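Enquirer: Each residue of the sequence shown is one higher than the one before, counting from 10 in the working numbering. Heads up, the beta-carbon is just placed ideally off N, CA and C, and yes, glycines get one too. Source: prediction; values computed, not measured. First the structure, then my questions, so here it is.
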Amino acid sequence: MLDHTIKTRLLLRPIRSTIGTIRLGGVNKGGFGVGTCGQPPRVLNCYGLNYVLNGEGTYRTESGRTFKVPAEHVALFFPKLPHSCGPADGEFWDEFWFEFEGPVFDLLHRNGVLNPEQPIHHAEGRDHWFRRLFTIVPPQHLRDKTPPEVIVMRFVALLTEMLADHKTPEDPQPQDDWVATACRLLADAENSEAGSVAAVARQLGMSYENFRKRFRVAVGYSPGQFHMDARIDRAAALLYQGRQSIKEIAVELNFCDEFYFSRCFKRRFGQSPRHFRQRVRGV
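Spelled out as structure tokens, the structure:
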């Protein structure tokens with residue numbers, strides 16, 4: 010089968026440390042998985058992770074067990090355990106993937122955090138997790154300045170958080186408190202005046218100053234910064250999707266112009282929107 014997958018390698022060489030190694034990482038857009046479409050089952054000599062951004066598929070083990078893999082779910086792979094994982098014949102999905110190995114991951118395996126009996130985990134919020142996964146690997150100009158142990162431990166922390174299954178489709182929705190409501194309003198309305206700090210304060214029945222002070226104490230930074238981060242995170246997702254120009258994204262997210270948007274984006278991600286799009290899409 011001809012492979013039309015757009016493959017973007019985010020890690021050009023392994024990040025090796027005494028506690029573990031991140032061997033590879035990347036994004037596949039329009040992929041058809043592994044061990045599918047007539048391919049034999051795949052066998053890794055390390056651990057692997059796929060986070061499905063769009064699409065859905067099936068995970069199969071050598072013993073014949075099958076698991077559904079919808080979008081916004083993590084699929085785990087284990088050393089020397091044959092498996093196949095991908096969408097149905099003729100269908101495709103988008104995925105973020107890593108391969109990793111070493112003592113810290115073996116410890117997670119022994120303690121059941123990495124569990125072959127539970128290879129699929131729900132991790133809702135693809136924009137959030139895309140950003141978090143993308144920023145695990147520092148930009149090239151910062152990589153040599155960041156100790157490899159720090160990068161690996163950031164990955165361990167993120168991996169553990171993703172596998173916690175805090176929220177599954179069957180779980181009841183938790184009752185919002187004012188902080189959760191504020192975060193939702195600031196994030197969900199990132200492209201309109203409804204998401205402004207003053208508007209959110211009014212909806213919560215607080216004065217602007219009281220809301221700003223309480224939010225900073227509860228969250229650790231200002232509601233204005235949270236609002237800006239939400240807009241930039243949304244911009245990263247739109248850049249990954251690739252359907253709009255940078256100027257169109259700046260307009261949609263209510264930035265005054267493309268140049269101000271680019272400066273804000275670079276402050277958050279360490280690179281321009283153009284370089285970010287080239288890196289995650291390979292174009």
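1. How many whole angstroms separate the CB atoms of asparagine 63 and alanine 84, which I take to be in contact at a CB cut-off of 8 Å?
2. Taking one C-beta from the region 55-62 and one from the region 94-104 each time, how about it: are there three or more such pairs within less than 8 Å?
3. Count the other CB atoms within 10 Å of the CB of proline 181; is the residue buried (16 or more) or exposed (fewer)?
4. For leucine 298, which beta-bridge partners are listed by DSSP?
5. With distances taken from CA atoms, which of Gly111, Gln253 and Ala196 is nearest aspartate 136?
6. If you reduce the DSSP assignment to three classes, tell me which class cysteine 94 lands in.
7. Let me know the secondary structure DSSP gives threonine 190 once reduced to three states.
8. Let me check understanding here. Comparing Cα to Cα, which of Phe87, Arg140, Asp98 and Glu100 lies closest to leucine 117?
9. With a Cβ-Cβ cutoff of 8 Å, do serine 231 and phenylalanine 224 count as a contact?
10. Measure the alpha-carbon distance for serine 205 versus glutamine 250 and round it to whole angstroms.
11. When burial is assigned at 16 or more other CB atoms within 10 Å of the CB, is cysteine 94 buried or exposed?
12. Pick from Ala189, Phe139, Arg288 and His130: whose alpha carbon is nearest that of histidine 169?
13. For leucine 248, count neighbouring C-beta atoms within 10 Å of its own C-beta (all shown protein chains included) and say buried if the count is 16 or more, exposed if not.
14. What three-state label does DSSP hand glutamate 170 in the structure shown?
15. Just the Cα atoms here: how many angstroms apart are leucine 53 and methionine 171?
16. Exposed or buried, valine 289, counting other C-beta atoms within 10 Å across all chains shown (16 or more means buried)?
Expert: In this structure, then:
1. Numbered from 1 along the sequence shown, position 54 holds the residue referred to as residue 63. Numbered from 1 along the sequence shown, position 75 holds the residue referred to as residue 84. Asparagine 63 to alanine 84, Cβ: 14 Å. No contact.
2. Yes: the two stretches touch, three or more of their Cβ pairs being nearer than 8 Å.
3. Your numbering for residue 181 matches position 172 in the sequence shown. Confidence at proline 181 is low in this model, with a pLDDT of 40, below 50, so its placement is unreliable and the value that follows should be read with caution. It counts as exposed.
4. For the chain, the structure presents residues 10 to 292; residue 298 sits outside this window and is missing.
5. For the purposes of this step, residue 136 is taken as the residue at position 127 of the sequence shown. Aspartate 136 has its Cα closest to that of Ala196, out of Gly111, Gln253 and Ala196.
6. For the purposes of this step, residue 94 is identified with residue 85 of the sequence shown, where counting begins at 1. Strand.
7. Indexing the sequence shown from 1 puts residue 190 at position 181. In the three-state scheme derived from DSSP, where H, G and I count as helix and E and B as strand, threonine 190 is classed as helix.
8. In the sequence shown, counting from the first residue as 1, residue 117 sits at position 108. Closest by alpha carbon: Phe87.
9. Translated into the one-based positions of the sequence shown, residue 231 becomes position 222. Translated into the one-based positions of the sequence shown, residue 224 becomes position 215. Yes, Cβ-Cβ distance for serine 231 and phenylalanine 224 is below 8 Å.
10. Along the sequence shown, one-based indexing puts residue 205 at 196. Along the sequence shown, one-based indexing puts residue 250 at 241. Near 26 Å, if we compare the C-alpha coordinates of glutamine 250 and serine 205.
11. As a position in the sequence shown, residue 94 is number 85, starting the count at 1. It is buried - the Cβ of cysteine 94 has at least 16 other Cβ atoms within 10 Å.
12. Counted from its first residue, the sequence shown places residue 169 at position 160. Looking at the sequence provided, one finds threonine at residue 169 rather than histidine. Closest option to threonine 169, Cα to Cα, is His130.
13. For the purposes of this step, residue 248 is taken as the residue at position 239 of the sequence shown. The residue in question, leucine 248, is buried, as its Cβ has 16 or more Cβ neighbours within 10 Å.
14. Taking the first residue of the sequence shown as 1, we reach residue 170 at position 161. Here glutamate 170 sits in helix by DSSP.
15. Walking along the sequence shown from the start, residue 53 turns up at place 44. Walking along the sequence shown from the start, residue 171 turns up at place 162. Their backbone Cα atoms lie some 21 Å apart in a straight line.
16. In the sequence shown, the residue the question calls residue 289 occupies position 280. Classification of valine 289: buried, given that the 10 Å Cβ count is 16 or more.
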